[in-house]
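Protein chains in written order, with this note's numbering: chain A, 1 to 234; chain B, 1001 to 1234. Yeah, the Cβ is synthetic: ideal placement off N, Cα and C, and Gly gets one too. Here is the structure we will look at, set down as structure tokens.
Number of protein chains: 2
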Amino acid sequence: MITSVNNDEVKEVAKLFTSKGRKEKNMFVVEGPHLVLEAKKCGILLKTYTTTDKYEGTLVSEVVMKKMCNTITPTTVIGVCKMFENKRSEGHILALDRVQDPGNMGSLMRSAVSFGFNTIILNEGCVDIYNDKVIRSSQGAIFRLSFIKANIVEYLSHLQDYQIFSTNVNLGNDVTKVEKGPKMVLILGNEGQGVSEEINKMNYQNLYIPIKKMESLNVSVAGGILMYELTRSK
Amino acid sequence: MITSVNNDEVKEVAKLFTSKGRKEKNMFVVEGPHLVLEAKKCGILLKTYTTTDKYEGTLVSEVVMKKMCNTITPTTVIGVCKMFENKRSEGHILALDRVQDPGNMGSLMRSAVSFGFNTIILNEGCVDIYNDKVIRSSQGAIFRLSFIKANIVEYLSHLQDYQIFSTNVNLGNDVTKVEKGPKMVLILGNEGQGVSEEINKMNYQNLYIPIKKMESLNVSVAGGILMYELTRSK
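See the structure below:
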């Protein structure tokens, strides 16, 4: 049982709280029995630490667990995981351009899985998907998706047979009225600025959601509605 | 110009950061030129404080502004507003049962305005709508809504001519297939627990969104999709 917060393993795990630490080690931490189990099923769980003999793993004291957890109320079990591979899955694709809020990122993952957008392309400006808030708000969806870090325009230029939709609140086609295909890409932009000029210039088909009085919806809500509408059976 | 953080007015404004302080004074604070303007249009702006002569209002030093702002990067203008009245508006109604995350509450307000759900019923367990994070994430929608604090079941029992929909991920009707009426109420529940037993017992018509693999969506995403679908033209 580990009881010292100065233990080397404990210090290594604590380093995984920062984006830099995670990138160096190619590892991240999940907290709580539900997420540890999901990580195990997904085949990426490397090591488990727990304060109770209810779970398998290295026993640690509560003080040590507090040091290894990023939440105010520490959990009883955490898992150290290896990062996902950079590959594409079957199904539709969601491309995120500088989505920065961890809650939005997590919610978008949840919706992406729910509507069959099994791959997410993330560009440079996106929040780190291994951020603990992203993982928590994804409610396990992060384990059921493929992620690709790339320049969106560049990546999409090599894709074939996909119908590409971008979003623009001013210059778009009403989403309820567009023809939908069997393989689709949906591009969503930054919370404040929408999609970048580089993407706008590409003349992808732009979509908008018909709304009243407000200029726009929250990006995770807009993304949810668009994925719902694009995959909706008539 | 106010330059002392010990000034009585400054201390009074700082009290409005807490839910208790806001309730005692029946006032709340909005930050930034956009929200101050919206509050003014809405007729609830009582007083303005600013660090620049670009805006009307009492001049204050940057140190004082920092004391009166709840953000890390203080704005140049804040407004003290009186709370909204407890009345119902025309249009559909959104009823929120213990929605606790400020980001979700703000996003739901944005979607509610966008889809014509102009009144929001909030029960005891909901986050304080005058919380600064709620106001920021509502993007001004808070000024275009009517709010009623009430027990949901009790309030709805006095309503006539409204079609009432509740939400239940296990026992519901596919939202794409239900008959929609001209006046609707949509009930959404707590982030972790969904709607309460008290509401479930009422036998309102339950809705669900057909999704794959995940158990549920984030409540603000689900609410957005449901409001979109219920008011969608065919």
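Span separating the alpha-carbon of B:GLY1192 from that of B:ASP1101: Position 192 of the second sequence holds residue 1192 of chain B. Position 101 of the second sequence holds residue 1101 of chain B. Their backbone Cα atoms lie some 11 Å apart in a straight line.
When DSSP labels each residue in this structure, what does A:THR3 get in the three-state scheme? By one-based count along the first sequence, residue 3 of chain A stands at place 3. Note: A:THR3 maps to coil in three-state DSSP.
In angstroms with no decimal places, state the Cα-to-Cα distance between A:ASP128 and A:MET27. Here residue 128 of chain A refers to the residue found at position 128 of the first sequence. Here residue 27 of chain A refers to the residue found at position 27 of the first sequence. So the two alpha carbons sit approximately 12 Å from each other.
Enclosing beta strand (DSSP E) for B:ILE1120 [first to last residue]: Along the second sequence, read from residue 1 onward, the residue named residue 1120 of chain B stands at position 120. Looking at the DSSP string, the run of the beta strand (DSSP E) that includes B:ILE1120 is 1117–1122.
Leaving out the 5 sequence neighbours to the left and right, which residues in its chain are closer than 6 Å to A:MET83 when beta-carbon positions are compared? Numbered from 1 along the first sequence, position 83 holds the residue referred to as residue 83 of chain A. ASN26.
Start-to-end residues for the alpha helix (DSSP H) that takes in B:LYS1041: The residue given as residue 1041 of chain B occupies position 41 in the second sequence. Where B:LYS1041 is concerned, the enclosing alpha helix (DSSP H) stretches over 1033–1041.
Kindly list, in the order they appear in chain B, the residues whose Cβ is closer than 9 Å to that of A:ARG141. Here residue 141 of chain A refers to the residue found at position 141 when the first sequence is read from its first residue. Note that residue 141 of chain A is Ala in the sequence shown, not Arg. Residues of chain B whose Cβ lies closer than 9 Å to the Cβ of A:ALA141 are, in chain order, LYS1213, MET1214.
Minimum C-alpha distance to B:LEU1207 - residue among B:MET1214, B:SER1196, B:ALA1222, B:LYS1201: Along the second sequence, one-based indexing puts residue 1207 of chain B at 207. Nearest Cα to B:LEU1207 within the set B:MET1214, B:SER1196, B:ALA1222, B:LYS1201: B:ALA1222.
Local conformation of A:ASN104 per DSSP, three classes: If you number the first sequence from 1, residue 104 of chain A lands on position 104. Of the three classes helix, strand and coil, the one that applies to A:ASN104 here is helix, per DSSP.
Using only the alpha-carbon positions, how far apart do B:LYS1183 and B:LEU1226 sit? In the second sequence, residue 1183 of chain B corresponds to position 183, counting from 1. In the second sequence, residue 1226 of chain B corresponds to position 226, counting from 1. Taking the straight line from one Cα to the other gives about 14 Å.
Please state whether the Cβ-Cβ distance between B:VAL1178 and B:ILE1093 is less than 8 Å. As a working note, residue 1178 of chain B is residue 178 in the second sequence. As a working note, residue 1093 of chain B is residue 93 in the second sequence. No.
With a CB to CB cut of under 7 Å and the five nearest residues on each side skipped, what residues in its chain are close to B:GLY1103? Numbered from 1 along the second sequence, position 103 holds the residue referred to as residue 1103 of chain B. Contacts found: LYS1133, SER1137.
Is B:VAL1080 near B:VAL1005, with beta carbons less than 8 Å apart? For the purposes of this step, residue 1080 of chain B is taken as the residue at position 80 of the second sequence. For the purposes of this step, residue 1005 of chain B is taken as the residue at position 5 of the second sequence. At least 8 Å separates the beta-carbon of B:VAL1080 from that of B:VAL1005.
Contact between the segment 149–162 of chain A and the segment 112–130 of chain A is defined here as three or more beta-carbon pairs at a separation below 8 Å; is this criterion met? Because the criterion of three Cβ pairs below 8 Å is met, the segment 149–162 of chain A and the segment 112–130 of chain A touch.
Quick one: any contact between the segment 1138–1145 of chain B and the segment 1105–1112 of chain B, if contact means 3 or more CB pairs under 8 Å? Because the criterion of three Cβ pairs below 8 Å is met, the segment 1138–1145 of chain B and the segment 1105–1112 of chain B touch.
State yes or no: is the C-beta of B:ASN1118 within less than 8 Å of the C-beta of B:SER1089? Numbered from its first residue, the second sequence carries residue 1118 of chain B at position 118. Numbered from its first residue, the second sequence carries residue 1089 of chain B at position 89. Going by beta carbons, B:ASN1118 and B:SER1089 fall inside the 8 Å limit.
Chain-order list of residues whose beta-carbon lies under 7 Å from that of B:GLU1056 (same chain, five-residue window excluded): Locating residue 1056 of chain B in the second sequence gives position 56, where the first residue counts as 1. Here B:GLU1056 has THR1048 as same chain residues with Cβ atoms under 7 Å from its own Cβ, once five neighbours each way along the sequence are excluded.
Give every residue of the same chain whose Cβ lies closer than 7 Å to the Cβ of A:SER107, excluding the five residues on either side of it in the sequence, and list them in chain order. Translated into positions along the first sequence, residue 107 of chain A becomes position 107. Spatial neighbours of A:SER107 in its own chain (CB-CB distance under 7 Å, excluding positions within 5 residues in sequence) are listed in chain order as SER137, SER220.
On the CB-based measure, 16 or more other CB atoms within 10 Å of its CB, does B:ILE1072 come out buried or exposed? Counting from one through the second sequence, the residue named residue 1072 of chain B turns up at place 72. Exposed, because fewer than 16 other Cβ atoms sit within 10 Å of the Cβ of B:ILE1072.
Please name the residue, chosen from A:ASN203, A:CYS69, A:THR167, that lies closest to A:THR51 on a Cα-to-Cα basis. For the purposes of this step, residue 51 of chain A is taken as residue 51 along the first sequence, with counting starting at 1. In terms of Cα proximity to A:THR51, the closest of A:ASN203, A:CYS69, A:THR167 is A:CYS69.
Tell me where the alpha helix (DSSP H) around A:GLY19 begins and ends. In the first sequence, counting from the first residue as 1, residue 19 of chain A sits at position 19. Residue identity check: residue 19 of chain A is Ser in the sequence provided, not Gly. Run containing A:SER19: 19–25, per the alpha helix (DSSP H) assignment.
Going by DSSP, what residue range makes up the alpha helix (DSSP H) through A:MET68? Your numbering for residue 68 of chain A matches position 68 in the first sequence. Here the alpha helix (DSSP H) through A:MET68 covers 62–68.
From A:SER216, A:ALA95, A:LYS41, A:ASN170, pick the residue whose C-alpha is nearest to that of A:LEU159; which is it? Within the first sequence, numbered from 1, the residue matching residue 159 of chain A stands at position 159. Of the listed residues, the one whose Cα sits closest to A:LEU159 is A:ALA95.
Counting C-beta neighbours from all protein chains within 10 Å, is the total for B:ASN1203 16 or more, i.e. buried, or is it exposed? Locating residue 1203 of chain B in the second sequence gives position 203, counting from the first residue. Flag for B:ASN1203 reads exposed.
Among A:GLN163, A:LEU217, A:SER196, which has the Cα closest to the Cα of A:SER230? As a working note, residue 230 of chain A is residue 230 in the first sequence. One detail in the question is off: residue 230 of chain A reads as Leu in this sequence, not Ser. Ranking A:GLN163, A:LEU217, A:SER196 by Cα distance to A:LEU230 puts A:GLN163 first.
Determine whether the beta carbon atoms of A:ILE78 and A:GLU31 lie at a separation below 8 Å. In the first sequence, counting from the first residue as 1, residue 78 of chain A sits at position 78. In the first sequence, counting from the first residue as 1, residue 31 of chain A sits at position 31. Yes, they are a contact pair.
At the level of alpha carbons, what is the spacing between B:LYS1054 and B:LEU1035? The residue given as residue 1054 of chain B occupies position 54 in the second sequence. The residue given as residue 1035 of chain B occupies position 35 in the second sequence. If you take the alpha carbons of B:LYS1054 and B:LEU1035, they lie about 16 Å apart.
For A:ASN86, does the three-state DSSP call read helix, strand or coil? On the first sequence, residue 86 of chain A is found 86 positions in, with the first residue counted as 1. Here A:ASN86 carries a coil assignment [DSSP, helix/strand/coil].
Three-state secondary structure (DSSP) at A:ALA150? Here residue 150 of chain A is taken as the residue at index 150 of the first sequence, counted from 1. In the three-state DSSP reduction, A:ALA150 falls in the coil class, being neither helix nor strand.
Near-chain B residues of the segment 170–191 of chain A (beta-carbon distance less than 7 Å), N- to C-terminal order: Correct list: THR176.
Kindly indicate which residue of B:TYR1155, B:ILE1209, B:ILE1187, B:LEU1046 has the alpha-carbon position closest to the one of B:ASN1086. The count along the second sequence starts at 1 and reaches residue 1086 of chain B at position 86. Answer by Cα proximity: B:TYR1155.
According to DSSP, simplified to helix, strand and coil, what is B:ILE1209? Within the second sequence, the letter at position 209 stands for residue 1209 of chain B. The answer is coil: DSSP assigns B:ILE1209 none of H, G, I, E or B.
According to DSSP, is A:ILE78 helix, strand or coil? Stepping through the first sequence from its first residue, residue 78 of chain A is reached at position 78. Looking at A:ILE78 - three-state DSSP - the assignment turns out to be strand.
Identify the residues that DSSP records as bridge partners of B:ASN1190: which are they? Counting from 1 along the second sequence, the entry for residue 1190 of chain B is found at position 190. Per DSSP, B:GLY1194.
Per-residue contacts from B:ARG1110 into chain A (C-beta, under 7 Å): If you number the second sequence from 1, residue 1110 of chain B lands on position 110. In chain order: MET214, LEU217, ASN218.
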